[in-house]
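Trainee: Just so you know, we're using my numbering here: the sequence shown kicks off at 919 and counts up by one.
Yeah, the Cβ is synthetic: ideal placement off N, Cα and C, and Gly gets one too.
Please read all numbers here as calculations on a predicted model, not as lab measurements.
Sending over a structure as structure tokens; questions will come in a sec.
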Amino acid sequence: MKISAVIIAGNEESKIADAILSVEWADEVLVIDSESVDRTVEIATSMGARVISRPWPGFSAQKQFGVDSAKFDWIFSLDADERVSPELASEIKNIRDKAGGPAFSGYRIPRSSFYMGRQIRHSGWYPDWQLRLFDRRKGHWNDLIVHESVRLNDGESVGRLRSDIIHFTIDDASEHHRLIGERYAPLAAQQMFERGRHFLKHLLLWELQNEIPRGHS
């Protein structure tokens, strides 16, 4: 069993090196870059990663492209703002090196998130279980533009690992507003539109449910 670590990145020159270092145990490191204009590609290439640059189509499509482009069937998926803890790396290597192969088709991993330098452990933030290690012959990323996740085929088994992916979400308020405005809000709007749930439909439904009944009371 060999594992391809697939990292998506876009203008992540300050984070990509640490992400790659955290998966140095992988048999391949593949970075899918969304046409960065900073040093992301230069840094990743200098560290031995294979890099493919392409336009940004949304989280799920970008991640699935990485899955399809990887050399090996077993995939470990990571974002540039995430890190594999040393304990998690040991668990994954034990699975890879186990005689007889993995016991499951995919593995859920707890994710520990940090927001502006502080770990968030309440309001459902931890453990934020993520299916990130899986056999691509038995699963794929869903087609959601945001809130993407891996879906295994019916009947496939899923295991759980104990150690964390570390997720550094936002460093400061300016980054928070930039990400919401430049990436998440447009993608969320596109997803709602494609599902036929754009703002006008929500407004009309709200009117029907709230205003019209009042007129007949």
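Using the three-state DSSP reduction, which class does arginine 1096 fall into: helix, strand or coil?
Mentor: Residue placement at arginine 1096 is poorly supported in this model, since its pLDDT is 48, which falls under 50; the coordinates still yield a value, given next. If DSSP states are grouped into helix, strand and coil, arginine 1096 belongs with the helices.
Trainee: Quick check: the Cα distance between proline 1028 and aspartate 1082, rounded to an integer number of angstroms?
Mentor: The alpha-carbon separation between proline 1028 and aspartate 1082 amounts to approximately 5 Å.
Trainee: Figure out for me which residue from Ile925, Arg1080 and Asp1053 has the closest Cα to the Cα of valine 1068.
Mentor: Asp1053
Trainee: Using CA coordinates, which residue listed in Glu946, Ile925 and Asp1046 is at the minimum distance from alanine 937?
Mentor: The option with the nearest alpha carbon to alanine 937 is Ile925.
Trainee: Residue ranges of each alpha helix (DSSP H) run of no fewer than 4 residues wholly in the stretch 961 to 988, ordered along the chain?
Mentor: 977 to 987
Trainee: Helix, strand or coil: how does DSSP classify leucine 1070 here?
Mentor: In this structure, leucine 1070 counts as strand in the three-state DSSP scheme.
Trainee: By DSSP, does glutamate 953 sit in helix, in strand, or in coil?
Mentor: Residue state, collapsed to three classes: coil.
Trainee: By a C-beta neighbour count over all protein chains shown, 10 Å radius and 16 as the cutoff for buried, is glutamate 1000 buried or exposed?
Mentor: Glutamate 1000 sits buried, since 16 or more C-beta atoms from the chains shown fall within 10 Å of its C-beta.
Trainee: Given a cut-off of 8 Å, decide if isoleucine 993 and serine 922 are closer than it, judged by their beta-carbon atoms.
Mentor: yes
Trainee: Which partner residues of arginine 1029 appear in the DSSP bridge assignment?
Mentor: Bridge partners of arginine 1029: Ile1083.
Trainee: What do you get for serine 978, buried or exposed, if any count of 16 or more other CB atoms within 10 angstroms of its CB means buried?
Mentor: buried
Trainee: As a quick exercise: from Tyr1044, His1065 and Glu1074, pick the residue whose alpha carbon is nearest that of tyrosine 1025.
Mentor: Glu1074
Trainee: So if DSSP puts leucine 1006 in a beta bridge, which residue, or which two residues, is it bridged to?
Mentor: DSSP lists no partner for leucine 1006.
Trainee: Quick test of the definition: if touching needs 3 or more C-beta pairs under 8 Å, does the stretch 949 to 963 touch the stretch 980 to 994?
Mentor: yes
Trainee: Can you say whether serine 1030 is buried or exposed, counting buried as having 16 or more other CB atoms within 10 angstroms of its CB?
Mentor: Note on serine 1030: 16 or more other CB atoms within 10 angstroms of its CB, so buried under the neighbour-count rule.
Trainee: Quick check on glycine 1057: buried or exposed, where buried means 16 or more other Cβ atoms within 10 Å of its Cβ?
Mentor: Looking at its Cβ environment, which holds 16 or more other Cβ atoms inside 10 Å, glycine 1057 is buried.
Trainee: Please report the distance separating the alpha-carbon of lysine 989 from that of leucine 1051.
Mentor: So the alpha carbons of these two residues sit roughly 15 Å apart.
Trainee: Start and end of the alpha helix (DSSP H) containing leucine 1062?
Mentor: Unbroken run through leucine 1062: none, as it is neither H nor E.
Trainee: What's the C-alpha gap between arginine 1078 and valine 955?
Mentor: 37 Å
Trainee: Let me confirm a value: glutamate 930 is counted as buried when at least 16 other C-beta atoms fall within 10 Å, else exposed. Which label applies?
Mentor: buried
Trainee: Going by beta carbon distance, what residues of the same chain come within less than 7 Å of methionine 965, once the five residues before and after it are set aside?
Mentor: Ala935 and Ile938
Trainee: Out of Ile961, Gln980 and Glu953, which has the shortest C-alpha to C-alpha gap to serine 971?
Mentor: Glu953
Trainee: Would you call the CB atoms of aspartate 927 and alanine 1017 closer than 8 Å?
Mentor: The sequence as given places alanine at residue 927; aspartate does not occur at that position. It is not a contact, given that the beta carbons lie outside the stated cut-off.
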